[in-house]
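Chemist: Quick one: the structure is below, questions incoming.
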Ligand SMILES: [Zn+2]
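In our numbering, the protein residues as written are 413 to 554.
What follows is the structure, given as C-alpha cells:
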C-alpha cells in the first residue's frame, strides 16, 4: 500500500522506480479490486486472479513468454512463487486472446460457487469446452 506513493516506491518496493512498473502496480491493484467485487472476494484458483492482474498490468510486454506450462495449475489456493506468476499471466492472456473477455468474466462470476479444484475444473470445461490441463494450455502456446 505504501508503495503506491510514488516517492516511496523504491524505499517500500523491491525494484528501482520506472514508469512502466509504477503504472503496472496501479493497474494490478485496480484489477484485484474489480476481481474481488465481481467474485465477492473468492479468488481461487489464485492463478486466475494473479494472472489477470499481472496480464492487465502489462507484465507480458516486457517478460519472456514461457516455453511450456508445467506449474500454474497447481497454484489453486497455496502460496506463490515467481514461476507461477509468470505462467499464470500468460495462461490468462491466451484464454482472453483466443476465447475473449466475455468467457473469462463468465468464469470468474461463478467463483463464489467454487469450493474445490474439482468444481472449478467442471466449470472451466463447461465454459471453454476443454479441460484445464497442461496439455491443453500448451496447445494454446503453439
Ligand atoms: Zn496481485
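Using N, Cα and C, we set each Cβ at its ideal position, and we do this for glycine too.
A quick note: this is a predicted structure, and the numbers were derived from the prediction, not measured.
Quick one: any contact between the region 455-475 and the region 484-502, if contact means 3 or more CB pairs under 8 Å?
Modeler: yes
Chemist: Identify whether residue 430 lies in helix, strand or coil by the three-state DSSP scheme.
Modeler: coil
Chemist: Could you compute how far the alpha carbon of residue 538 sits from the alpha carbon of residue 520?
Modeler: 13 Å
Chemist: With residue 489 as the anchor, note down where its alpha helix (DSSP H) starts and where it stops.
Modeler: That residue, residue 489, is in no alpha helix (DSSP H); it is neither H nor E in DSSP.
Chemist: Relative to ligand 1, is the shortest distance from any of its heavy atoms to the C-beta of residue 456 smaller than 7 Å?
Modeler: no
Chemist: Below 8 Å, how does it come out for the region 451-464 and the region 512-530: are there three or more Cβ pairs, yes or no?
Modeler: yes
Chemist: Excluding the 5 residues preceding and the 5 following residue 429 in the sequence, name in chain order all residues of the same chain whose CB lies nearer than 6 Å to its CB.
Modeler: Hits under 6 Å: 421 and 422.
Chemist: Taking the alpha-carbon positions, what's the residue 556 to residue 424 distance?
Modeler: There is simply no residue 556 to check, as the chain begins at 413 and stops at 554 in what is shown.
Chemist: What is the rounded straight-line gap between the Cα of residue 518 and the Cα of residue 433?
Modeler: 29 Å
Chemist: What is the residue span of the alpha helix (DSSP H) that residue 469 lies within?
Modeler: Segment: none, residue 469 is in no alpha helix (DSSP H) and carries neither H nor E.
Chemist: Using CA coordinates, which residue listed in 485, 528, 514 and 554 is at the minimum distance from residue 462?
Modeler: 485
Chemist: Less than 8 Å between C-beta atoms, sequence neighbours within five positions excluded: which residues of the same chain meet that for residue 477?
Modeler: By the criterion of a C-beta distance shorter than 8 Å, residue 477 is surrounded in its chain by 502 and 553, once the five residues flanking it on both sides are discounted.
Chemist: Whose beta carbon lies closer than 6 Å to any heavy atom of ligand 1, going through the chain in order?
Modeler: 440, 444, 462 and 465
Chemist: Going by beta carbon distance, what residues of the same chain come within less than 8 Å of residue 498, once the five residues before and after it are set aside?
Modeler: 475 and 478
Chemist: When the Cα atoms are used, what is the spatial distance from residue 458 to residue 435?
Modeler: 22 Å
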